[in-house]
Amino acid sequence: MLENYKCMNKENIYVFYMEKDKCFVEETLEKVIKAYEELSDYFEIKKGSFNIKVILACNRKEYENLVLNLLKVNIEIPSRKSRIAQPQEEYLVLLSPNVYEEDSIYKYDQKEYERLIYHETTHMFEEYLCKDMENSSLWFGEGLAVYLSQQWKYEKEFRKTVEENVKNCVIPNLRDIDKNRIFAYEWGWTLIKYIEEKYGKNTINKIVRNYENGDVFGYMKVNMELLEKQWKRWVLNEKNIK
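Start counting the sequence shown at -14; every next residue gets the next number (this note's numbering).
As structure tokens, this is what we get:
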């Protein structure tokens, strides 16, 4: 499927592209390399442990074609314009920033693009390290990606609901975050941040590598009621989420 694509690579990182998207190739390659190196340090694995092959899709139709037929990921057709990235194993399909204005809800911003790549690369590290990815926890995976990419710090869509609810003292229960897809996306990063600050980065590393059936709390062997009470107290302190 990539016969008509050109390719630029550095060691184990590859970027496939069409000629019209050449202007984004070096930038994409550099940002993936940066994310890969930092995440290798964070997760304490040897640099170059696995390949990443990024494909810049030249338009929405090609994005859908690659996700469906190369990645074998079922998505709705036509896909939502909010969908611009899809990782699967060693591949990462990105909608080219060249067509953001016509084929997405976004406008290209260099820093946001860097954080998007970091987010998706985090998912790829989780998939590489996790023993039971098919049953992985949504809040943990999305929370980890939003937290490590620092999207929570700089992008309104990842913090607006949290900030509003904290001001009104309306905090969901841990079981709701664990089971509810919307809560998982909105609140996952706060839990990751809390776990890292309270239990340390090594705990995050151990969870990624060892938890099964999506049961993060079970793997941690913590009292759910106590953890929830401590996390809620922590998250209500606004300085912890800034």
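The beta-carbon is built from N, C-alpha and C at its ideal position, and this holds for glycine as well. Remember, predicted model here, so these are calculated numbers, not experimental data.
Length of the line joining the Cα atoms of residue i and residue j
| i | j | result |
| --- | --- | --- |
| Trp124 | Phe1 | 31 angstroms |
| Arg45 | Asp88 | 6 angstroms |
| Gly128 | Met(-14) | 32 angstroms |
| Gly126 | Leu159 | 15 angstroms |
| Met209 | Gly199 | 15 angstroms |
| Tyr214 | Tyr170 | It should be pointed out that residue 214 corresponds to Lys in this sequence rather than to Tyr. So the two alpha carbons sit approximately 21 angstroms from each other. |
| Leu41 | Glu181 | 33 angstroms |
| Lys92 | Lys(-9) | 25 angstroms |
| Trp216 | Val207 | 12 angstroms |
| Glu149 | Ser134 | 22 angstroms |
| Trp172 | Val147 | 7 angstroms |
| Lys96 | Trp137 | 13 angstroms |
| Asn120 | Asn225 | 30 angstroms |
| Trp174 | Ala130 | 8 angstroms |
Cβ-Cβ distance between residue i and residue j below 9 angstroms
| i | j | result |
| --- | --- | --- |
| Lys186 | Trp219 | no |
| Val39 | Leu101 | no |
| Lys116 | Glu29 | no |
| Ile177 | Tyr103 | no |
| Tyr27 | Asn190 | yes |
| Val151 | Glu223 | yes |
| Glu99 | Lys16 | yes |
| Glu23 | Ala70 | no |
| Ser64 | Glu49 | yes |
| Cys43 | Lys5 | yes |
| Leu228 | Lys32 | Outside the displayed range of the chain (-14 to 227) lies residue 228, so it cannot be described from this structure. |
Boundaries of the beta strand (DSSP E) in which residue i is found, first to last residue
| i | result |
| --- | --- |
| Phe1 | Ile(-2) to Tyr2 |
Bridge partner(s) assigned by DSSP for residue i
| i | result |
| --- | --- |
| Lys(-9) | Tyr2 |
| Ile40 | Phe1 and Val78 |
| Pro72 | Leu77 |
Alpha helix (DSSP H) segment containing residue i, residue limits
| i | result |
| --- | --- |
| Met205 | Val201 to Met205 |
| Ile18 | Val10 to Tyr27 |
| Asp211 | Note that residue 211 is Leu in the sequence shown here, rather than Asp. Leu211 -> alpha helix (DSSP H) spans Met209 to Val220. |
| Gln136 | Gln136 to Tyr139 |
Closer than 9 angstroms to chain C by CB, residue i
| i | result |
| --- | --- |
| Cys43 | Looking at the structure shown, chain C is missing, and only one protein chain is on hand. |
Suppose only complete runs of 4+ residues qualify. What are the alpha helix (DSSP H) ranges in the region 142 to 191, listed by chain order? 145 to 152, 159 to 164 and 166 to 184
Return the chain-ordered ranges of every alpha helix (DSSP H) run that is complete within the region 50 to 129 and spans a minimum of 4 residues. 85 to 88 and 95 to 114
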